[in-house]
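In what follows, a structure is listed as structure tokens, so that the remarks can point back to it.
Numbering (our numbering), first residue to last: 265 to 682.
What follows is the structure, given as structure tokens:
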């Protein structure tokens with residue numbers, strides 16, 4: 265029996281070794297496959313879309329030119345998202361600037377960026393003193409935000425604060441004595457904190473200003489809560505309108521604007537469901553909160569064109585195309601609408617209005633053709649938005665010149681496309 269057991273043990277020994285080798289090989293293959301997948305994802309991100317180096321170089325250059333207009337205080341929230349269509353030097357796609365620090369610079373200027381950098385340096389300094397092992401993770405988060413829009417997500421800020429809190433807690437607890445004087449430093453901090461707390465307690469009793477300060481803080485917190493609630497209710501109503509009935513959509517969108525008049529998405533959705541006479545005052549009220557929003561100005565132009573007011577329509581078409589110039593669909597539609605208004609005025613016997621509408625359409629067409637031709641001469645062009653001079657727009661030249669009595673002139677462009 266002993267021999268049998270020994271033989272059995274001998275037989276099982278090689279099997280275990282083979283099983284261990286197989287498990288190691290499987291683990292190695294799994295790690296290799298995961299590495300290949302990660303590399304493919306990194307390659308796809310590095311070579312595709314707006315994340316290429318050339319596109320980011322253009323973004324950063326355009327963002328810096330935009331930031332220079334208000335270096336110290338910035339231009340407010342979501343500056344890049346609302347302004348990049350107007351200032352982009354080439355028709356790339358990039359609603360995000362792909363740099364958290366440049367985004368902060370655009371929104372809050374050097375003052376806001378400086379405060380954020382001071383906070384990050386303070387966190388890194390404290391981590392270095394208390395728990396150096398937590399430094400690499402924090403550095404990766406902070407460094408990656410320089411080449412992507414990480415700071416746009418609250419989760420990233422919470423993750424950084426969580427890493428800092430865990431690292432500092434481990435260092436202060438004494439379980440990880442990275443510095444020999446940690447205990448002495450804690451005793452010194454405790455001795456300093458006790459008299460400070462006593463001073464604060466006496467100050468509260470002796471100076472009524474403390475009560476006023478506390479009341480002010482409570483009121484500010486209450487105001488912030490009410491503001492956040494109103495913004496949240498407005499957004500909930502806007503999203504609910506997408507799945508509601510026709511009558512319910514209008515009511516929900518009106519409620520969304522009541523809670524937040526600056527909700528441009530709700531204003532644009534509501535304007536699409538109203539008559540032209542009702543759209544115009546609604547859109548003008550929204551323009552007060554977002555004067556450089558290309559969607560609002562475009563809808564104003566469309567509303568005026570539906571009313572047959574070619575002069576106002578031309579002005580708002582110009583405004584919208586200035587804010588979104590690399591949009592071939594809008595450029596073409598503006599030319600067509602104004603050309604149609606010119607014909608309509610001519611049929612109605614309004615020759616002055618007809619000539620004015622035709623001149624406005626021809627001016628937009630000439631700028632459109634010049635812009636498309638200028639892009640055609642660029643060697644390394646980022647034309648993610650596929651901006652070209654459409655043949656449909658270019659064919660309106662003869663129609664408009666005949667309306668103005670200028671005769672036919674061939675208008676063509678190397679950037680022309682159907």
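For every residue, glycine included, the Cβ atom is placed at its ideal position computed from N, Cα and C.
*Taking residue 581 as part of the alpha helix (DSSP H), name the residues at either end of that continuous run.*
574-587
*When the Cα atoms are used, what is the spatial distance from residue 531 to residue 546?*
7 angstroms
*Delimiting residues of the alpha helix (DSSP H) encompassing residue 558*: 558-570
*Indicate the three-state DSSP secondary structure (helix, strand or coil) for residue 384 in the structure shown.*
helix
*Beta-carbon spacing of residue 565, residue 577 below 9 angstroms*: yes
_For residue 648 and residue 356, which I take to be in contact (beta-carbon distance under 8 angstroms), what is that distance rounded to the nearest angstrom?_
5 angstroms
*Span separating the alpha-carbon of residue 612 from that of residue 606*: 10 angstroms
*Three CB pairs or more closer than 8 angstroms across the region 354-371 and the region 383-399*: no
*Using the DSSP secondary-structure output, state which residues sit across from residue 605 in a beta bridge.*
The partner list for residue 605 (beta bridge, DSSP) is empty, contrary to what the question assumes.
*By how many angstroms is the C-alpha of residue 340 removed from the C-alpha of residue 376?*
11 angstroms
*CB of residue 612 to nearest heavy atom of the ligand ATP: below 8 angstroms?*
Absent from the structure shown: the ligand ATP. Ligands present: none.
*residue 643 - DSSP class collapsed to helix/strand/coil*: coil
_If distances are taken between C-alpha atoms only, which option among 327, 332, 336 and 335 comes closest to residue 345?_
327
*asked:* Looking only at its chain, what residues have a beta carbon closer than 7 angstroms to the beta carbon of residue 669, apart from the 5 residues adjacent to it on each side?
replied: none
_For residue 514 and residue 483, believed in contact at Cβ under 8 angstroms, the rounded distance_ = 36 angstroms between Cβ atoms; not a contact.
*If you draw a straight line from the alpha carbon of residue 563 to that of residue 331, how long is it in whole angstroms?*
28 angstroms
*asked:* I'd like to check one pair, residue 424 with residue 244: are the Cβ atoms closer than 9 angstroms?
replied: Past the boundaries of the shown model lies residue 244; the chain is included only from 265 to 682, so the question cannot be answered.
_I'd like to know whether the C-beta atoms of residue 391 and residue 427 end up nearer to each other than 9 angstroms._
yes
*Comparing alpha-carbon positions, which option in 541, 588, 618 and 364 lies nearest residue 602?*
618
*Helix, strand or coil: which one does DSSP assign to residue 358?*
coil
_Distance check for residue 634 and residue 365, CA to CA, integer angstroms please._
35 angstroms
_The alpha helix (DSSP H) enclosing residue 259, as first and last residue numbers_ = The question about residue 259 has no answer, for the chain in this structure spans 265 to 682.
*Once you ignore the five residues that flank residue 559 on each side, which residues in its own chain have a CB closer than 6 angstroms to its CB?*
532
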